[in-house]
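Enquirer: After the structure tokens below, expect a handful of questions from me.
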Amino acid sequence: MALTSMTGFARAAGAGHGYRWTWELRSVNGKGLDIRLRLPPSFDHLEQPVRERVGKTLQRGNLQVGLSLQRETTASALRVNEELLRQVMDLVRRVGSEIDAAPPTLDGLLSIRGILETVDAEDDPAVAEALAADLLVDLDTALAELVVARNREGAAIGAVLNARMDEIERLTAAAEASPARTVEAIRKKLADQVAALLDASPALDPDRLHQEAALLATRADIREELDRLTAHVAAARALLAEGGPVGRKLDFLAQEFNRETNTLCAKANDRSLTAIGLDLKAAVDQLREQVQNLE
1 MALTSMTGFA
11 RAAGAGHGYR
21 WTWELRSVNG
31 KGLDIRLRLP
41 PSFDHLEQPV
51 RERVGKTLQR
61 GNLQVGLSLQ
71 RETTASALRV
81 NEELLRQVMD
91 LVRRVGSEID
101 AAPPTLDGLL
111 SIRGILETVD
121 AEDDPAVAEA
131 LAADLLVDLD
141 TALAELVVAR
151 NREGAAIGAV
161 LNARMDEIER
171 LTAAAEASPA
181 RTVEAIRKKL
191 ADQVAALLDA
201 SPALDPDRLH
211 QEAALLATRA
221 DIREELDRLT
231 AHVAAARALL
241 AEGGPVGRKL
251 DFLAQEFNRE
261 TNTLCAKAND
271 RSLTAIGLDL
281 KAAVDQLREQ
291 VQNLE
């Protein structure tokens with residue numbers, strides 16, 4: 001399976017049943033799947049099927065789903081404002097009894113502003129159902145394009161992550177081969193430190209100092225951190241090869257990389273090891289940043 005980014009954009013447009021419409025989908029990083037809908041008035045009945053389709057297609061990401069809809073032609077109908085007509089007729093009867101005037105004609109009444117209204121005709125239920133079906137078909141098209149966009153972005157992120165794995169692996173090997181972590185180098189450095197302390201204060205117990213030095217030498221050993229970094233690299237490479245929604249697992253591994261690197265820096269007993277540790281921290285930070293984009 002391909003790696004999938006949580007970042008992407010897609011659009012799908014269609015027309016029919018007297019309407020033109022456009023779906024727009026925008027996806028960014030998120031801890032879970034958060035769907036925010038923007039539907040036209042009177043189209044709230046689409047919310048549930050939209051959420052179901054998105055939930056079957058995506059697993060993570062903050063997704064904005066927008067539908068814009070315009071009528072191509074307006075189906076109109078005439079309607080008599082009966083309340084206003086009743087008021088006019090009452091007025092005609094009341095005034096007509098006081099003056100000698102001809103009764104109003106039908107065309108005269110209908111020509112009074114507000115009596116005859118033009119309104120949009122309601123869609124036929126069958127037409128409305130067909131429109132909803134076509135809208136959802138184009139939503140599926142937009143979702144498919146969004147998946148393609150997220151997969152394309154995921155492939156680019158995968159290349160960056162593999163490069164970071166190469167860098168971490170190279171730096172781990174450099175720390176492994178560092179002359180500063182050999183037994184001889186550690187013994188000499190500690191011996192020099194003990195000798196300096198004894199010269200500064202001859203009253204110190206040499207045996208106790210050598211015991212403390214041996215303890216410090218044990219604590220300075222980075223064998224365990226190097227082994228864990230090597231194991232984490234192998235696990236991360238396996239996840240990258242597996243693909244699919246592995247973002248959470250890689251995020252956890254990135255935290256483990258960071259923990260081991262911090263410990264290695266704390267134990268470093270030489271400038272060269274410290275430099276390697278700092279380079280490792282930089283590579284791990286870049287790894288964590290990119291992992292946040294994966295589904």
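When we follow the UniProt record's numbering, the leftmost residue of the sequence shown carries the number 1, and every step to the right adds one.
Just so it is clear, CB atoms sit at the ideal spot from N, CA and C, and this is done for glycine as well.
Bear in mind that the values here come from a model prediction, so they are computed numbers and not experimental data.
Say whether the segment 23–36 touches the segment 158–177, bearing in mind that this needs 3 or more beta-carbon pairs closer than 8 Å, one atom from each stretch.
Expert: no
Enquirer: Using DSSP bridges, identify the partner residues of Ala15.
Expert: Arg20
Enquirer: Taking Ser68 as part of the beta strand (DSSP E), name the residues at either end of that continuous run.
Expert: Looking at the DSSP string, the run of the beta strand (DSSP E) that includes Ser68 is 61–71.
Enquirer: On a CA-only basis, which of Asp251, Leu250, Leu273 is nearest Thr261? Give me that one, please.
Expert: Leu273
Enquirer: Please state whether the Cβ-Cβ distance between Asn155 and Ala2 is less than 8 Å.
Expert: According to the sequence as given, residue 155 is Ala; it is not Asn. Going by C-beta atoms, Ala155 is nearer than 8 Å to Ala2.
Enquirer: In whole angstroms, give me the CA-to-CA distance for Lys267 and Glu225.
Expert: 10 Å
Enquirer: What is the DSSP secondary structure of Phe9, reduced to helix, strand or coil?
Expert: strand
Enquirer: So, helix, strand or coil for Lys34, using DSSP?
Expert: The question names Lys, but residue 34 is Asp in the sequence shown. Here Asp34 sits in strand by DSSP.
Enquirer: Buried or exposed for Leu6, please, with buried defined as at least 16 other CB atoms from any protein chain shown within 10 angstroms of its CB.
Expert: Correcting the residue type first, residue 6 is Met in the shown sequence and not Leu. Classification of Met6: buried, given that the 10 Å Cβ count is 16 or more.
Enquirer: Identify whether Leu58 lies in helix, strand or coil by the three-state DSSP scheme.
Expert: coil
Enquirer: Would you grab the beta carbon distance between Leu240 and Leu161 for me? Rounded to a whole angstrom, and I think it's under 8 Å.
Expert: At roughly 6 Å, the Cβ-Cβ gap stays under 8 Å, so Leu240 and Leu161 are in contact.
Enquirer: Kindly identify the DSSP beta-bridge partner or partners of Val50.
Expert: In the DSSP assignment, Val50 forms no beta bridge with any residue.
Enquirer: Check each candidate in Gln70, Asp34, Pro49 and name the one with the smallest Cα separation from Val137.
Expert: Pro49
Enquirer: Exposed or buried, what is Gly96 when buried is set at 16 or more other beta-carbons lying within 10 Å of its beta-carbon?
Expert: Exposed, since its Cβ has fewer than 16 Cβ neighbours within 10 Å.
Enquirer: Cα separation between Ala163 and Glu145?
Expert: 28 Å
Enquirer: Where does Gly32 land, buried or exposed, given buried means 16+ other C-beta within 10 angstroms?
Expert: So Gly32 counts as exposed.
Enquirer: Would you say the segment 44–59 touches the segment 79–90, given that touching needs at least three Cβ pairs under 8 Å?
Expert: No: the two stretches stay apart, fewer than three of their Cβ pairs being nearer than 8 Å.
Enquirer: When the Cβ atoms of the segment 63–70 are set against those of the segment 10–24, are three or more pairs found closer than 8 Å?
Expert: yes
Enquirer: In angstroms with no decimal places, state the Cα-to-Cα distance between Arg60 and Thr263.
Expert: Spanning the two alpha carbons is a distance of roughly 32 Å.
Enquirer: Would you kindly report the start and end of the unbroken alpha helix (DSSP H) that includes Ile157?
Expert: 125–177
Enquirer: Can the beta-carbon of Gly8 be found less than 8 Å from the beta-carbon of Ala149?
Expert: yes
Enquirer: Using DSSP with H/G/I as helix, E/B as strand and the rest coil, what is Arg248?
Expert: In the structure shown, Arg248 sits in a helix (DSSP, three-state: H, G or I).
Enquirer: When DSSP builds the beta bridges, which residues end up paired with Arg237?
Expert: Per DSSP, none; premise fails for Arg237.
Enquirer: Is Ser97 helix, strand or coil when you go by DSSP?
Expert: coil
Enquirer: Quick one: complete alpha helix (DSSP H) runs, 4+ long, within the segment 255–285?
Expert: none
Enquirer: Using DSSP with H/G/I as helix, E/B as strand and the rest coil, what is Arg223?
Expert: helix
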